[in-house]
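Participant: The sequence shown begins at 1396 in my numbering and counts up one residue at a time.
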Amino acid sequence: MSKVTGTASTELTMLFTDIEGSTTLLNRLGTEYAEVLAAHRDVLRTAFRRRGGRELGTEGDSFFVVFDEADDAVAAAAEGQQSLESHRWPEGVAVRVRMGLHTGHAEPFEDNLVGFDVHLAARISATAHGGQVVVSTTTADHAWGRLPEGTSLVSLGVHRLKDIPDPQQLWQLTVPGLPTAFPSLRSLGAPGSLPTPPTPLVGREGETTALAALLGDDPCRLVTLTGPGGTGKTRVALATARLLSDRYSHGVHFVDLSGATETSVAWSTVAEVLGRSGDDPVALLDHLGQRRVLLLLDNLEQLRESAGELVTTLIGGTRALRVLATSRRPLFVAGEQVYPVPTLGLPGPGDGPLTPEAAGRADAVRLFVQQARLSDPGFRLDDGNVDDVVALCRRLDGLPLALELAAARIRLLPPRALLDHLDEVLGLPLPGHPHRQQSLRATVAWSYGLVDADQQHVFRCLAAFGDSGGGLDAVAAVAGTESALGPVSGLLDAALVRVDDERGQPRVRLLHTVRGVARGLAVAEADLERAQERHARHYLGVAQHADDRLQGPGAVAARSLLELELDNLRSALDWSLGDAGTDSTGGSTGPGDRAELGVRLCYSLTWFWYLTGYGAESRRWLEQASRAASVARGPELPQLLNALGLVQLRQGQPEAARAVMVRALALWREAGDRDGEALALNGLGAVHRVLGENERSRELLRESIGVARRLSDRGREAIALTNLALLEIEAGNPATAIDLLAEAEVIDTERGNAWGVAADRTNRVMALLSCGRVSEATAVLRDLAPSVEQYGDPDLALAVIDLVAAAATQTGQHERALRLAACAAQQRADAQLAMAPQDVDFLERRLVVSRAAVGDVAPLEQEGRRLTVSQALAEALELPAG
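Below, the structure is given as structure tokens:
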């Protein structure tokens, strides 16, 4: 060991080295390790001496060497690594040496050197990996311009080192022919100030990955996370910042601006986090300069209009600074990348049965379970509670704060009870959260206070809508404004509404949880009733317009529109006919006026309900509307009674249907309404057919046809002709039935009634099969089945499936026949759709042949019950073509 001479502090470049994984090498090589260690020393000593290095310490596999010139030290390190790489080591052995260099002052002490810079050089060496040379900024500055040919210095950023108070900028020496990519340095990390959340972040992998890409390699310098209060913007931002901590050499810093409502306070808060003082932007910008820093500015909405100015000044006055901001609304500054944070994922229809395992894969469910266990460590997602937990998560829209609020009460209220008390629970405070987020009401109210009076009014009016929300025209109508575009834009910026793309048009809606708060605000401002009245009137117009097209060329589009607006139609019916809204809340519409709107709305929906099979629901509304119309004796009453009778008939209650239809017929005759009379006669004819009273049915249907012809009402005539054809089939006259159905199909085709044509052709199949014309029947089915679902009538689609089963029997495809019949039976049971006894008999006479041919039918029926309607209809294409 060389003796250090002199007594004064001397500037030297210090090099520390050691072998990475030396203990592993020793265990692997045993006695051969001494030879490897000696060879390693010879290689390095040759390189160090060639450049004038003085060896001060050699212990085990480490070196401490000093050089008078930094460029000599760098050259010695490069040569040493190259020599180690080219040396022939024992087979399978790789000797990787890490090296660290720092230039500074040291004091002689006995036969060694001491001082802070000696410790710093050792700490720098400890950060490196085998084969890597890490250099301090001081050494880099001294060696720059005199580096060995082909080598270069690459910045590794600023790092905190153990026992070293100030962060250090470190560099890597790249050497030709040697590896340049290494894992992150073994430091304490880049300087920063990121708080640690109390619980793990659930999900959000997609969001954090996308954000890290934006702020890591993308040139974007400002990303603003937006979304409703309680969406988890801060948690997502923190997780993203942690992913990026190694990429920002001068640190990643969290700045909580929730208490900053003035610009000066914001500047001083940022300065304090960065270890500066004062609220002088110029001084702070000068400090940041060209430093590569990521600032996470949380809750920027507090600054209102000055938030954009703050961020613009920060970015404009620096070269490398990037900002990740959270705000309930965008900042609206140049270069801003807005990133809306979505709510958590829910179990979807495609996720399979609601087992605990399947449901637990959804992020919303995972968060609820995590938070519930904080309150009750024994809580588990199991078969007994999974349906209720999923229902809770759906009711709460996957909103993280709402899930936390609900889960915090799990020790008192199990999931089913939570569903019953959810509104109360969401209003309870949740300790440990900021005051503005201690309840859902407080969170929404915080954002509500950020928007102007017009926007607040529209927000309150949105409480009248259903979960699906409405288009801009509907929002304007309900709010009583000429245009909703401006207010909705402001509400969207404040993250109080969601806007979805529906068929190329914006659709505005509130989260279910937010709508409850909006409703409370609307009641407090005494404008809920007015909004509900305007809402009901608007959707009455929608229903009336669609009803006019349901039996014409635009039937599919009209039905799709009503399906889209089903939530709103239900909300309007509930306000007008249900118990909701019976107390006065400041509106001008009395209970009688509300009921009248409900009656008219039901009247306009009767054909839609008949087509689409909302049996139980439509029956409930029709019964309520009929009672209301009976009191008012309005002209809609017989139509409502007739529609109610049709629903009862489909549900297998022909006696009840006959009673209300007889009353409808009497009312129409009393009013002299011949069109209504034709409709009632047709309905009663269908009822008597189901009751087995075929002669009475035939009389009524012929009378309906006669009235319709005198009125030149071709639509009424076609319907009655179709029903009369069914009687002819049952009477053993299928050829007559085919002629009647052909006549009906011509009429429906002329009128553009695609549903009517499909019904005519379906009944023609029955007639064709009845007279043995199987090839013709299968040809019609092959043409009809692929499109029958588009009409939205489940009874029609199931009738086609039954007829495919009947045709399969008559063509010897007995297994297919049994499977399809089981599918239709299961679907009818699920939809509560009864089958006329005559239709049951028609099918059973054929299936008995298939059952006898197959024998054990249970496996086929079980398979059939699992088929969807679409799958069953597709099998029509496999029927023989001729």
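Note that the Cβ used here is the ideal one computed from N, Cα and C, for glycine as well.
Can you list, in chain order, the residues of its chain whose CB lies under 6 angstroms from that of Glu2123, leaving out five sequence neighbours each side?
Facilitator: As a first step, residue 2123 must be located in the sequence shown, where it is residue number 728. The answer, listed in chain order, is Thr2131 and Ala2132.
Participant: Within the chosen definition, does the region 2191-2204 reach the region 2233-2245 through at least 3 CB pairs nearer than 8 angstroms?
Facilitator: yes
Participant: Please name the residue or residues paired with Gln1900 in a DSSP beta bridge.
Facilitator: Here residue 1900 refers to the residue found at position 505 of the sequence shown. Per DSSP, Glu1897.
Participant: Drop a sphere of 10 angstroms on the beta-carbon of Pro2129, count the other beta-carbons inside from all chains shown, and report buried for 16 or more, exposed for fewer.
Facilitator: Taking the sequence shown and counting its residues from 1, the one referred to as residue 2129 is at position 734. It is buried - the Cβ of Pro2129 has at least 16 other Cβ atoms within 10 Å.
Participant: Using a Cβ-Cβ cut-off of 6 angstroms (strictly less than) and excluding sequence neighbours within five positions of Leu2215, which residues of its own chain qualify?
Facilitator: What you label residue 2215 is simply residue 820 of the sequence shown in a count that begins at 1. So the list reads Ile2196, Val2199, Ala2200 and Ala2267, once near-sequence residues are dropped.
Participant: Go to Asn1507, then tell me how far its beta strand (DSSP E) extends in each direction, as first and last residue.
Facilitator: Residue mapping note: residue 1507 aligns to position 112 of the sequence shown, counting from 1. Looking at the DSSP string, the run of the beta strand (DSSP E) that includes Asn1507 is Asn1507 to Val1509.
Participant: If we count the other Cβ atoms within 10 Å of its Cβ and call it buried at 16 or more, is Arg1518 buried or exposed?
Facilitator: What you label residue 1518 is simply residue 123 of the sequence shown in a count that begins at 1. Answer is buried; the Cβ neighbour count reaches 16.
Participant: Among Met2056, Val2183, Arg2069 and Leu1679, which residue has its Cα nearest to the Cα of Ala2081?
Facilitator: As a working note, residue 2081 is residue 686 in the sequence shown. The candidate whose alpha carbon is nearest that of Ala2081 is Met2056.
Participant: Out of His1500, Leu1610 and Pro2049, which one is the CA nearest neighbour of Leu1689?
Facilitator: Translated into the one-based positions of the sequence shown, residue 1689 becomes position 294. Nearest option by C-alpha distance: Leu1610.
Participant: Kindly provide the ranges of any alpha helix (DSSP H) runs that are 4 or more residues long and lie completely inside the region 1637-1701, ordered along the chain.
Facilitator: Taking 4 residues as the shortest admissible run, the region 1637-1701 contains the following complete alpha helix (DSSP H) segments, listed from N- to C-terminal end: 1658-1668 and 1676-1683.
Participant: Near Leu1749, which residues of its chain fall below 8 angstroms by C-beta distance, leaving aside the five closest residues on each side in sequence?
Facilitator: Taking the sequence shown and counting its residues from 1, one reaches residue 1749 at position 354. Counting only Cβ-Cβ distances below 8 angstroms, and skipping sequence neighbours, we find Pro1742, Val1781, Asp1782 and Val1785.
Participant: Measuring straight from C-alpha to C-alpha, what distance separates Val1529 and Leu1716?
Facilitator: If you number the sequence shown from 1, residue 1529 lands on position 134. If you number the sequence shown from 1, residue 1716 lands on position 321. Cα-Cα distance, rounded: 25 angstroms.
Participant: Are Gly1625 and Pro1751 closer than 8 angstroms when you measure CB to CB?
Facilitator: Taking the sequence shown and counting its residues from 1, the one referred to as residue 1625 is at position 230. Taking the sequence shown and counting its residues from 1, the one referred to as residue 1751 is at position 356. Contact: no.
Participant: Starting from His1907 and walking both ways along the alpha helix (DSSP H), at which residues does that stretch end?
Facilitator: Locating residue 1907 in the sequence shown gives position 512, counting from the first residue. Per DSSP, His1907 belongs to the alpha helix (DSSP H) from His1907 to Ala1919.
Participant: Is the region 1599-1618 touching the region 1710-1725 in the sense that three or more CB pairs, one from each, lie closer than 8 angstroms?
Facilitator: For the pair of segments examined, the region 1710-1725 was found to touch the region 1599-1618: the number of CB pairs separated by less than 8 angstroms reaches three.
Participant: Which residue comes first and which comes last in the beta strand (DSSP E) that contains His1497?
Facilitator: The count along the sequence shown starts at 1 and reaches residue 1497 at position 102. First-last of the beta strand (DSSP E) with His1497: Val1492 to Phe1504.
Participant: For the pair the region 1916-1931 and the region 1960-1967, tell me if three or more CB-CB distances fall below 8 angstroms.
Facilitator: yes
Participant: Take Gly1827 and list the residues in its own chain whose beta-carbon comes closer than 6 angstroms to its own, dropping the five residues that flank it on each side.
Facilitator: Numbered from 1 along the sequence shown, position 432 holds the residue referred to as residue 1827. At Gly1827, the pLDDT of 49 sits below 50, so the modelled position is not reliable and the matter cannot be decided from this model.
Participant: According to DSSP, simplified to helix, strand and coil, what is Pro1560?
Facilitator: Here residue 1560 corresponds to residue number 165 of the sequence shown, with the count starting at 1. The answer is coil: DSSP assigns Pro1560 none of H, G, I, E or B.
Participant: Assuming contact is defined by CB atoms lying nearer than 8 angstroms, are Cys1856 and Ala1926 in contact in what I supplied?
Facilitator: Locating residue 1856 in the sequence shown gives position 461, where the first residue counts as 1. Locating residue 1926 in the sequence shown gives position 531, where the first residue counts as 1. Contact check for Cys1856 against Ala1926 passes: the beta carbons are separated by less than 8 angstroms.
Participant: Might you give, ordered along the chain, the residues of its own chain that have their beta carbon closer than 6 angstroms to the beta carbon of Arg1804, omitting 5 neighbours on each side?
Facilitator: Position 409 of the sequence shown, counted from the start, is the residue given in the question as residue 1804. Taken in chain order, the residues that qualify are Val1820.
Participant: Quick one: residues in its chain with C-beta nearer than 6 angstroms to the C-beta of Gly1452, no 5 flanking neighbours on either side, listed in chain order?
Facilitator: In the sequence shown, counting from the first residue as 1, residue 1452 sits at position 57. If we look at Gly1452 and ignore the five residues flanking it on each side, its Cβ neighbours are Phe1459.
Participant: Under 8 angstroms between the Cβ atoms of Asp2347 and Ala1501?
Facilitator: Since the first residue shown for the chain is 1396 and the last is 2277, residue 2347 is missing from the structure and cannot be characterised.
Participant: What runs of the beta strand (DSSP E), each 3 residues or longer, lie entirely inside the region 1439-1489?
Facilitator: 1449-1454 and 1457-1462
Participant: Using a threshold of 8 angstroms, state whether the C-beta atoms of Leu2176 and Leu2274 are closer than that.
Facilitator: Along the sequence shown, one-based indexing puts residue 2176 at 781. Along the sequence shown, one-based indexing puts residue 2274 at 879. Their beta carbons are under 8 angstroms apart, which means Leu2176 touches Leu2274 by this criterion.
Participant: State the beta-bridge partners of Phe1411 as determined by DSSP.
Facilitator: Translated into positions along the sequence shown, residue 1411 becomes position 16. DSSP output for Phe1411 lists Phe1459 and Gly1495 as bridge partner(s).
Participant: Quick one, which of Asp1536, Gln1567, Arg1436 and Val1431 has its alpha-carbon nearest Gly1495's?
Facilitator: For the purposes of this step, residue 1495 is taken as the residue at position 100 of the sequence shown. Nearest option by C-alpha distance: Gln1567.
Participant: Please report the distance separating the alpha-carbon of Asp1978 from that of Ala1754.
Facilitator: Translated into positions along the sequence shown, residue 1978 becomes position 583. Translated into positions along the sequence shown, residue 1754 becomes position 359. For Asp1978, the pLDDT reaches just 39, beneath the cut-off of 50, and the residue's location in the model is therefore unreliable, although a value from the coordinates is still provided. Their Cα atoms are separated by approximately 40 angstroms.
Participant: Taking a contact to mean a Cβ-Cβ separation below 8 angstroms, would you say Asp2309 touches Val1597 in this structure?
Facilitator: For residue 2309 there is no data in the structure shown, the boundaries of the chain being 1396 and 2277.
Participant: Could you tell me which of Arg2223, Gly2008, Leu2041 and Ala1950 sits nearest to Asp2143, measuring between CA atoms?
Facilitator: Indexing the sequence shown from 1 puts residue 2143 at position 748. The residue with the shortest Cα to Cα distance from Asp2143 is Ala1950.
Participant: Could you pull out every residue in the same chain whose Cβ sits closer than 6 angstroms to the Cβ of Ala2115, ignoring the five residues on either side in sequence?
Facilitator: Locating residue 2115 in the sequence shown gives position 720, counting from the first residue. Around Ala2115: Asn2077, Leu2096, Ser2099 and Ile2100.
Participant: Could you have a look at Leu1867 and say whether DSSP puts it in helix, strand or coil?
Facilitator: Within the sequence shown, numbered from 1, the residue matching residue 1867 stands at position 472. The answer is helix: DSSP assigns Leu1867 an H, G or I state.
Participant: Going by DSSP, what residue range makes up the alpha helix (DSSP H) through Glu2090?
Facilitator: For this step, residue 2090 is matched to residue 695 along the sequence shown. Taken as a continuous stretch (DSSP letters only), the alpha helix (DSSP H) holding Glu2090 covers Asn2089 to Arg2105.
Participant: Taking only the alpha-carbon atoms, compute the straight-line gap between Ala2052 and Arg2014 and give it to the nearest angstrom.
Facilitator: For the purposes of this step, residue 2052 is taken as residue 657 along the sequence shown, with counting starting at 1. For the purposes of this step, residue 2014 is taken as residue 619 along the sequence shown, with counting starting at 1. Between Ala2052 and Arg2014, the C-alpha separation is close to 11 angstroms.
Participant: For Ala2172, which residues from the same chain have a beta carbon less than 6 angstroms from its beta carbon, with the 5 sequence-adjacent residues on both sides left out?
Facilitator: Residue mapping note: residue 2172 aligns to position 777 of the sequence shown, counting from 1. Around Ala2172: Val2160, Leu2163, Leu2164 and Ala2202.
Participant: Closest to Ser2170 by C-alpha separation, out of Gly2207, Glu1667 and Pro1592, would be which residue?
Facilitator: On the sequence shown, position 775 is the one that residue 2170 refers to. When only C-alpha atoms are compared, the closest one is Gly2207.
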